[in-house]
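If you want it as structure tokens, here you go:
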């Protein structure tokens, strides 16, 4: 595996978890309204 692929994968994984956390809080907020 190339180092660049590894960096891309880790960036995607980090972005997914970060966006997932923000998305979850937004969903909870919309449910409460």
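Residue numbers (the numbering used here): 1 to 33.
Note that the Cβ used here is the ideal one computed from N, Cα and C, for glycine as well.
In this text, all values refer to a predicted model and were calculated from it rather than measured experimentally.
Mapping DSSP to helix, strand and coil, what is residue 2?
-> Locating residue 2 in the chain shown gives position 2, where the first residue counts as 1. It is coil, neither helix nor strand.
Between residue 4 and residue 19, what straight-line distance do the alpha-carbon atoms span, to the nearest angstrom?
-> Within the chain shown, the letter at position 4 stands for residue 4. Within the chain shown, the letter at position 19 stands for residue 19. Cα to Cα, residue 4 sits roughly 22 Å from residue 19.
Span separating the alpha-carbon of residue 32 from that of residue 25 | By one-based count along the chain shown, residue 32 stands at place 32. By one-based count along the chain shown, residue 25 stands at place 25. Between residue 32 and residue 25, the C-alpha separation is close to 11 Å.
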